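Reading through the structure tokens given below for one structure.
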Amino acid sequence: MESVLSPATLAELRRPRPYPAVSVLTPTHRRDPHKTQDQVRLRNAVAEAKRQLEADPAVTRERRTEVAGHLDRAMTEVDLTHAEDGLVIFAAPGEHQVWSVARSVPERVVLSDTFLTRNLVSAQTAGRPFWVLSLAADRVTLWNGGVDRVTEARVGGFPMTRRMENFDPERQQRIGDTPSSFREERTRQFLREAATAMGAVLRGHPRQLYVTGEPAALSLWDEVCGTARGAVHIPHGGLAHGTHETVWQAVRPVVEAEARRSTDAVTRALETARGRREFAAGVDELWQSARDGRVRLLAVEENYRVTVREAGDHLILAESGDLDSREDIVDEIVEQCLETGADVRFVPDGTLGEADGMAGVLRY
0 MESVLSPATL AELRRPRPYP AVSVLTPTHR RDPHKTQDQV RLRNAVAEAK RQLEADPAVT
60 RERRTEVAGH LDRAMTEVDL THAEDGLVIF AAPGEHQVWS VARSVPERVV LSDTFLTRNL
120 VSAQTAGRPF WVLSLAADRV TLWNGGVDRV TEARVGGFPM TRRMENFDPE RQQRIGDTPS
180 SFREERTRQF LREAATAMGA VLRGHPRQLY VTGEPAALSL WDEVCGTARG AVHIPHGGLA
240 HGTHETVWQA VRPVVEAEAR RSTDAVTRAL ETARGRREFA AGVDELWQSA RDGRVRLLAV
300 EENYRVTVRE AGDHLILAES GDLDSREDIV DEIVEQCLET GADVRFVPDG TLGEADGMAG
360 VLRY
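Oh and the sequence shown: position 286 is 285 in numbering that gives the first Met the number 0, straight run, nothing missing.
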């Protein structure tokens, strides 16, 4: 299953497909008792997608058979043992993909000439993704980080390793010279190669970078690295050979402190916007502002969800399952704001007070 959404991957997902491009969305659960229902829910969602393919007169028999086959193959790739909060299946003539997302999605089946990407985009943004690069003289490991975990990332040539040559212990005893591996030219070259590789990863997947290592490693990294000047240093050795849990425990306090600073900055920006009459709040006002490209900063509480339907030029509250109801309007607004260059921040529930879960700073 896929989980890392890069700008290039998103552009590929958004390109037009031969009709029908099928998007199947279903919520999943990380633990029981709801987790046991996920398999049944998923089977029902895929069955509904096949029913819609069967009933659509615009879909030829050949296309229907091909896309249904891709849905079946996608089902075999689903691993609900490691489910997060949502699952998205894309299937079209000649292809299929399975995405696991750390944000709930509405139960939905859509047939179109493009895949439905807004829920992937919103989940990626809400997850506050970051990279952790762990340095050692003989190994550099890259970790993919999110709100509550890190996992090893095997991309861009990482992990990188090299064979260390033994020092001469007799020589060390004779002359009292215990050379640091981080003063070696070969180590310098090794970290220079890692810096180049990390620069390529950041260009394809831009996000905050944390670098861990003993002080000598971090000092050398600063000397050789010209690609990640905004990296945050965490002086902690041994993590290049560590487990995902030891890495998470080491970076967690720094990541959480950064999240608090970000939330405080958002709160201050919203207060300033009120005084300048650049403030907007509520799903209806922000939906219209997002469509006009007027949102400069969008703040969304992490678990804010609302179901609406259109009533002319406005949105009104609706019940899930109502005719023409839109359960993922929050994700739609997030995606639209990102498309128009807005800064989108997810903040803890309750941060926005009377703003009803969503607030923004307008450009004009």
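C-beta atoms are modelled at their ideal positions from N, C-alpha and C, and glycine is treated no differently. Nothing here was measured: the structure is a model prediction, and the numbers come from that model.
C-beta atoms of residue i and residue j nearer than 9 Å
i, j, result
"L52", "R63", "yes"
"V223", "A194", "yes"
"V360", "E284", "no"
"H28", "A82", "yes"
"L219", "L190", "yes"
"R325", "T306", "yes"
"A136", "E76", "no"
"F89", "V149", "no"
"V250", "Y209", "yes"
"R117", "D291", "no"
"Q248", "A289", "no"
"P205", "P6", "yes"
"L134", "A216", "yes"
"V39", "D71", "no"
"D78", "M0", "yes"
"L322", "R308", "yes"
"Y363", "R293", "yes"
"V97", "A73", "yes"
"V333", "R304", "no"
"F310", "L269", "It should be pointed out that residue 310 corresponds to Ala in this sequence rather than to Phe. The answer is no: Cβ separation not under 9 Å."
"R138", "H240", "yes"
Neighbourhood of residue i by C-beta, 7 Å cutoff - its chain only, sequence neighbours within 5 removed
i, result
"D348", "E300, E301 and N302"
"A152", "L141, W142 and N143"
"D221", "none"
"P105", "L24, E326 and D327"
"E11", "none"
"V66", "P19, V21, L52, A90, A91 and P92"
"D37", "T27, H28, L79 and A82"
Beta-carbon proximity list for residue i, same chain, < 8 Å, skipping 5 on both sides
i, result
"A57", "Y18 and P19"
"R13", "T113, F114 and T116"
"L337", "V120, T124 and V343"
"G229", "Q207 and L208"
Span of the beta strand (DSSP E) around residue i
i, result
"P347", "First-last for P347: undefined, no H or E at that position."
"V231", "V231 to P234"
"V299", "V294 to E300"
"T150", "V149 to E151"
Residues near residue i by beta carbon distance below 6 Å, same chain, minus five either side
i, result
"L4", "L119 and Q123"
"R107", "L24"
"Q207", "F129"
"D355", "G281"
"E331", "R117"
"H69", "A90 and H95"
"A279", "L285, S288, G359 and L361"
"T211", "S133, I233, H235 and L238"
"G231", "The sequence given here has Val at residue 231, not Gly. Hits under 6 Å: Y209."
"S103", "P26, D84 and G85"
"S180", "A136 and T186"
"E213", "G236"
"R170", "Reliability of the predicted coordinates at R170 is poor, the pLDDT of 42 falling under 50, and no value is obtained from them."
"S111", "A20"
Residues that DSSP places opposite residue i in a beta bridge
i, result
"E309", "L314"
"I88", "V23 and V97"
"W130", "N143 and L208"
"L278", "It is worth fixing the name first, because residue 278 is Phe in this sequence and not Leu. V360, per the DSSP bridge assignment."
"G159", "The sequence given here places Met at residue 159; Gly does not occur at that position. DSSP output for M159 lists V139 as bridge partner(s)."
"V154", "In DSSP, V154 forms no bridge with anything."
"V343", "L297"
Range of the contiguous alpha helix (DSSP H) that encloses residue i
i, result
"S111", "Counting along the chain, S111 falls outside any alpha helix (DSSP H), though it belongs to the beta strand (DSSP E) covering R107 to S111."
"H69", "R60 to E76"
"L201", "E184 to G203"
"L322", "It is not in any alpha helix (DSSP H) - L322 carries neither H nor E in the DSSP assignment."
"V39", "D37 to A54"
"D221", "P214 to V223"
"P6", "P6 to R13"
"R117", "R117 to A125"
"V104", "Careful: V104 lies outside any alpha helix (DSSP H) and carries neither H nor E."
"V329", "I328 to E338"
Query raised in the report: For the stretch 335-351 against the stretch 308-315, are there 3 or more C-beta pairs whose distance is under 8 Å?
Result: They do not touch, by the three-pair rule.
Requested in this report: Determine contact between the stretch 238-248 and the stretch 260-276, defined as no fewer than three beta-carbon pairs at a distance below 8 Å.
Outcome: In the pairwise beta carbon analysis, the stretch 238-248 is classified as not touching the stretch 260-276: fewer than three pairs are separated by under 8 Å.
Query raised in the report: On the three-pair Cβ rule with 8 Å, is the stretch 155-165 touching the stretch 122-129?
Result: No, they do not touch.
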